[in-house]
Amino acid sequence: MIQQVTFPGLGLAFTVNRVAFTVLGRPIYWYGIIIVSGLLLAVFLCSRWGKRFSITEDQIIDMMLWAVPAALVSIRAYYVIFDLSRYQNPDGSLNWGAILRYSDGGLAIYGAIISSIIVLLIFCKKRNIRFLSFADLGVHGLFIGQLVGRWGNFMNVEAYGGLTELPWRMCSEKIAQEMSSLGYADQAAYQAILDGSMGVHPTFLYESLWNLVGLAIVYSLGKHRKFEGECFLFYFFWYGLGRAWIEGLRTDSLYLFSTGIRVSQLLSIVCAAAAGGILAWKLFKKQKN
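For the sequence shown, position 82 matches number 85 in our numbering, and the numbering has no gaps at all.
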């Protein structure tokens, strides 16, 4: 579980361990701690910014009581659907033990995003709250959760990209072994990763930084919204744009069943195009009026 991760071009080296500590003999993973920390930070900051969107702290907490359990199911379901063979028994039946074993990895953020929108729609209808206003606030939380959460991937040494010699390349023995077993690295490349002359794209870092910039932009937009839903649309445009590019670099993508199409990349392109088009049209109409 303990691994040495280096960034030779930057002169950085880290010793990482998936396990933060144990409780009664059961491991508590850094991934879970980081995800929960991102969630709590998102709730805390959104509670402070809520007045700007006419949303109260109590409404945020109440909504999260429904959104979090739904996300825990959907974040796994999305991954399982598009990598079903991994969770099937030899006779084709589902291996529910493997499906419910979250500690093995296999989570997809788009599942949580989709379920959160559905939960928010239902919650706002029941509570007579303006959906787009709450959604404008909510995407601030999505940016926060994602920019923090991606560091859980770093602790697991996962969610990285293809081979590169860029100064910020990332190297480790685990990466060399996985790249070799997946056919992305021959013997020469395997050795190059081990000696640091070659590494992989730290795509977890790319996405974290992309979300940080997105948060800064959406925070500014939120203070001077021209219409309800502006932040909501911007999130899907910005995140979709970045994820489409970053997903193309990754070596662990989910594919659309038997096709060579990356699911999250396709969804990102569709989201970015649709949200960007609607956002541009709405802003054009506002300017014209």
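Beta carbons are placed, not taken as given, at the ideal position from N, Cα and C, and that holds for glycine.
- One alpha carbon belongs to A275, the other to R265, and they sit about 15 Å apart.
- Membership of P93 in any alpha helix (DSSP H) is not indicated, and neither H nor E is assigned to it by DSSP.
- By the CB criterion at 9 Å, V8 and C127 fall outside the cutoff.
- Boundaries of the alpha helix (DSSP H) around F47: 33-52.
- Going by DSSP, N20 is part of the beta strand (DSSP E) stretching over 15-20.
- No Cβ-Cβ contact shorter than 9 Å links V19 with M201.
- DSSP places I58 outside both helix and strand once states are collapsed to three, so it counts as coil.
- With fewer than 16 other beta carbons inside 10 angstroms of its own, I31 counts as exposed.
- With fewer than 16 other CB atoms across the displayed protein chains lying within 10 angstroms of its CB, L13 is exposed.
- Q180 sits close to Y193, with the two beta carbons spaced by under 9 Å.
- Of the residues V71, W154, D139, W99, the one whose Cα lies closest to the Cα of S119 is V71.
- Beta-bridge pairing by DSSP links C174 to T9.
- Just so you know, the alpha carbons of R130 and D65 end up roughly 10 Å apart.
- The three-state secondary structure of L252, taken from DSSP, is coil.
- Shown here for F235: same chain residues with a beta carbon closer than 7 Å to its own, the five before and five after excluded, namely L135, A138, D139, V142 in chain order.
- DSSP places V26 within a strand segment (E or B) once states are collapsed to three.
- In terms of Cβ geometry, I38 and G155 form a close pair [threshold 9 Å].
- In summary, G109 is buried, with 16 or more beta-carbon neighbours lying within 10 Å of its beta-carbon over all protein chains present.
- DSSP places G202 in the strand class (E or B) of the three-state scheme.
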